[in-house]
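Numbering (my numbering), first residue to last: 15 to 325.
The beta carbon of each residue, even a glycine, is placed where N, CA and C say it ideally should be.
These figures come from a predicted structure and were not determined experimentally.
Right, dumping it as structure tokens:
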């Protein structure tokens with residue numbers, strides 16, 4: 015039984031590793047293919063032939079990657095555009111983990127929902143579990159396979175939101191200092207991208223690239239609000255857009271926003287401090303108080319029992 019459980023966990027680990035490495039390899043292959051196609055455009059060589067030189071470098075490149083690209087292409091044609099747009103928004107809010115697209119995410123979710131019950135069913139047969147237990151475990155595996163990717167995306171999204179909220183005061187301070195030094199807003203954002211790293215820096219860097227590609231500043235900043243659905247960030251972006259529309263000086267607006275965000279962070283810290291005694295109550299009752307009770311009352315109880323037995 016122990017060996018069966020060990021083999022089950024090893025198998026699940028290998029399956030998850032295969033999925034992650036396959037997605038990563040496929041993404042790197044597509045990036046390399048795009049680089050070679052662009053290079054072939056300038057060198058005058060045939061792009062497809064130039065790209066295909068390394069397609070036969072491994073078993074994955076010869077068999078799995080062409081099959082994966084064809085499956086992804088056919089699945090994309092059948093996938094509704096509205097569903098694809100919703101998944102893309104969720105992936106953007108999560109920071110686009112592993113660089114996967116909406117089609118790849120959906121394919122991985124379906125594959126996991128199919129492979130996980132099969133693996134669990136085979137494991138339950140070797141573990142000599144009853145038919146009822148096998149059906150129950152297979153149903154649980156199907157549910158886990160369907161909801162595990164979405165739970166992971168939600169977890170990454172929440173982590174990203176918390177990180178952005180943590181970075182917001184320092185980011186606003188740097189923007190305020192840059193604007194007070196005489197830089198324009200776009201130049202201040204460039205300075206921010208150069209000096210800082212993190213979620214907000216990545217988002218502002220993306221907005222700068224979108225502005226350079228032809229989007230208006232309002233559209234680029236509204237994109238940040240869509241990818242970071244945090245109230246404080248949305249308020250800051252909204253105030254910047256409003257100040258630009260009304261012609262108000264951004265320095266004063268950023269100074270007020272910076273002070274406001276720091277006050278909100280102080281209030282959140284005080285709120286968490288007020289919640290700490292309530293959170294500590296359950297460990298105290300379940301673990302610490304019984305130990306103290308045993309240490310304090312234990313010797314007296316042992317002495318009382320000895321005295322009663324000697325009478």
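Helix or strand or just coil, what does DSSP make of residue i?
i, result
"residue 238", "helix"
"residue 171", "helix"
"residue 58", "Caution applies to residue 58, whose pLDDT of 49 falls short of 50 and renders its modelled position unreliable; the value that the coordinates give is listed next. Note: residue 58 maps to coil in three-state DSSP."
"residue 210", "coil"
"residue 232", "helix"
"residue 322", "helix"
"residue 195", "coil"
"residue 144", "coil"
"residue 317", "helix"
"residue 310", "helix"
"residue 115", "coil"
"residue 243", "coil"
"residue 124", "helix"
"residue 129", "helix"
"residue 155", "helix"
"residue 249", "helix"
"residue 93", "coil"
Taking the alpha carbon of residue i as the reference point, which residue from the options has its own alpha carbon closest?
i, options, result
"residue 209", "283, 248 and 188", "188"
"residue 131", "299, 164 and 150", "150"
"residue 183", "305, 81, 273 and 321", "273"
"residue 14", "265, 200 and 206", "In the structure displayed, the chain extends from 15 to 325; residue 14 sits before or after that span and is not available."
"residue 88", "190, 118, 226 and 104", "118"
"residue 102", "294, 283, 164 and 291", "164"
"residue 236", "81, 255, 168 and 185", "255"
"residue 168", "78, 190, 91 and 108", "108"
"residue 193", "170, 207 and 266", "266"
"residue 152", "271, 99, 133 and 141", "133"
"residue 166", "144, 142, 145 and 104", "104"
"residue 95", "116, 80 and 106", "116"
Round the Cβ separation of residue i and residue j to the nearest angstrom and send it over; I've been treating them as touching at under 8 Å.
i, j, result
"residue 218", "residue 242", "Not quite, the Cβ-Cβ distance comes to about 11 Å (not below 8 Å), so this is no contact."
"residue 248", "residue 259", "That belief does not hold up - the Cβ atoms of residue 248 and residue 259 are roughly 16 Å apart, past 8 Å."
"residue 271", "residue 186", "6 Å"
"residue 227", "residue 207", "Going by Cβ atoms, the distance from residue 227 to residue 207 rounds to 16 Å, so no, they are not a contact pair."
Which same chain residues, not among the five before or five after residue i, have their C-beta less than 7 Å away from its C-beta?
i, result
"residue 212", "177 and 181"
"residue 244", "175, 178 and 179"
"residue 67", "Below a pLDDT of 50, predicted positions are generally treated as unreliable, and residue 67, at 42, falls in that range; no measurement from the model is reported."
"residue 205", "192 and 197"
With a threshold of 6 Å on Cβ separation, who are the neighbours of residue i within its own chain once the five nearest residues in sequence on each side are excluded?
i, result
"residue 55", "For residue 55, the predicted model reports a pLDDT of 49, less than 50, meaning its position is unreliable and no value from the coordinates is stated."
Identify, in the order they occur along the chain, each residue of the same chain with its Cβ nearer than 8 Å to the Cβ of residue i, setting aside the five sequence neighbours on each side.
i, result
"residue 85", "121"
"residue 159", "123, 126, 127, 128, 129, 130 and 131"
"residue 225", "200, 231 and 234"
"residue 148", "135, 138 and 139"
"residue 251", "235, 236, 238 and 239"
"residue 106", "240 and 241"
Count the other CB atoms within 10 Å of the CB of residue i; is the residue buried (16 or more) or exposed (fewer)?
i, result
"residue 268", "buried"
"residue 263", "exposed"
"residue 320", "exposed"
"residue 174", "buried"
"residue 305", "exposed"
"residue 63", "In this prediction, residue 63 scores a pLDDT of 41, lower than 50, which makes its location untrustworthy; the coordinate-derived value is nonetheless stated afterwards. Classification of residue 63: exposed, given that the 10 Å Cβ count is below 16."
"residue 302", "exposed"
"residue 154", "exposed"
"residue 246", "buried"
"residue 287", "exposed"
"residue 292", "exposed"
Is residue i near the ligand SAH - that is, is its Cβ less than 7 Å away from at least one heavy atom of it?
i, result
"residue 282", "Absent from the structure shown: the ligand SAH. Ligands present: none."
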